[in-house]
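Presented below is the structure to which this report refers.
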Amino acid sequence: MAVLNVNPTRMELTNLKRKLLTARRGHKLLKDKRDELMRQFLDLVRENKRLRARVEEGIRDANRHMAIARSVMRDEEIDVALMMPVQSVSVDITEKNAMSVIIPEYKTFFRSADENDMYSYGYAFTSCDLDNAVKSLSDIMPDMIRLAETEKTCQLMASEIEKTRRRVNALEHIMIPQYEETIKYITMKLDENERSTTTRLMKVKDMMLEKAHNYTA
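This is the structure:
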């Protein structure tokens with residue numbers, strides 16, 4: 194690992210030791226953040242898998258019932274039955290902070306609390322399979338919205354995990370070793386200079402003694 198291009202002085206040594214301490218603290222904090230993000234990410238992935246399975250099963254069930262309904266009803270009758278929906282749903286999107294990641298939070302609101310309002314037609318001239326198709330879609334609506342929330346959250350967390358991982362690796366494999374090698378280099382240079390200075394002082398002392406007292410050590 195190459196040392197940094199700095200002057201080997203005590204002031205620079207003090208600055209580098211302070212930077213090394215800060216880098217080690219930052220490295221620990223980033224590792225803790227990465228581990229916590231990974232834990233939350235894996236929990237979300239498992240939830241996302243369960244939600245997707247339920248949503249896909251609900252969509253398959255709704256498509257199956259709708260196919261049967263279209264076989265016994267004309268397309269015009271189905272269009273008329275579904276033309277004027279009574280029930281509606283709105284989504285309120287807010288944001289929350291999870292480990293410095295701004296993730297969305299979806300809240301659903303139904304216009305009516307009556308579950309029967311999802312049927313916008315009478316039962317006399319429609320197939321029960323159309324009812325089952327509408328009910329299947331209505332039942333999986335909250336799961337679909339939650340699935341959208343978890344997938345977006347997983348994308349954002351995956352991006353943040355990758356950024357944090359790169360920062361951890363940069364600190365662990367580049368910055369901290371560089372600081373340590375540079376501190377070692379400056380310490381050796383200062384020790385070498387100190388030994389050289391001590392040797393010169395001893396030599397000067399011997400010369401002064403020899404000159405003053407005609408004494409040779």
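As numbered in my numbering, residues 194 to 410 make up the sequence shown, in order. Note that the Cβ used here is the ideal one computed from N, Cα and C, for glycine as well. Since we're looking at a predicted model, the values are computed, not measured.
(1) Let me know the beta strand (DSSP E) ranges lying completely inside the region 282-340, each 3 residues or longer, listed in chain order.
(2) So, is residue 350 buried or exposed, given that buried needs 16 or more other C-beta atoms within 10 angstroms?
(3) Taking residue 204 as part of the alpha helix (DSSP H), name the residues at either end of that continuous run.
(4) With H, G and I counted as helix, E and B as strand and the rest as coil, what does DSSP make of residue 402?
(5) So what's residue 363 in DSSP terms, helix, strand or just coil?
(6) Buried or exposed for residue 352, please, with buried defined as at least 16 other CB atoms from any protein chain shown within 10 angstroms of its CB.
(7) What number of angstroms, rounded off, separates the C-alpha of residue 207 from the C-alpha of residue 377?
(8) Can you list, in chain order, the residues of its chain whose CB lies under 6 Å from that of residue 258, leaving out five sequence neighbours each side?
(9) Report yes or no: do three or more beta-carbon pairs, one from the region 359-378 and one from the region 216-227, lie closer than 8 Å?
(10) What residues in its chain sit with their C-beta under 7 Å from that of residue 479, if we drop five residues either side in the sequence?
(11) Are the Cβ atoms of residue 276 and residue 319 separated by less than 8 Å?
Per the coordinate set shown:
(1) Within the region 282-340, complete beta strand (DSSP E) segments of at least 3 residues are found at 282-291, 294-303, given in chain order.
(2) Looking at its Cβ environment, which holds 16 or more other Cβ atoms inside 10 Å, residue 350 is buried.
(3) Membership of residue 204 in the alpha helix (DSSP H) is indicated by the continuous run 203-265.
(4) Note: residue 402 maps to helix in three-state DSSP.
(5) Helix at residue 363.
(6) Its Cβ having fewer than 16 others within 10 Å, residue 352 is exposed.
(7) Going by the C-alpha atoms only, they are around 12 Å apart.
(8) 322, 325, 326, listed in sequence order.
(9) Yes: at least three Cβ pairs fall under 8 Å.
(10) For residue 479 there is no data in the structure shown, the boundaries of the chain being 194 and 410.
(11) Contact check for residue 276 against residue 319 fails: the beta carbons are separated by 8 Å or more.
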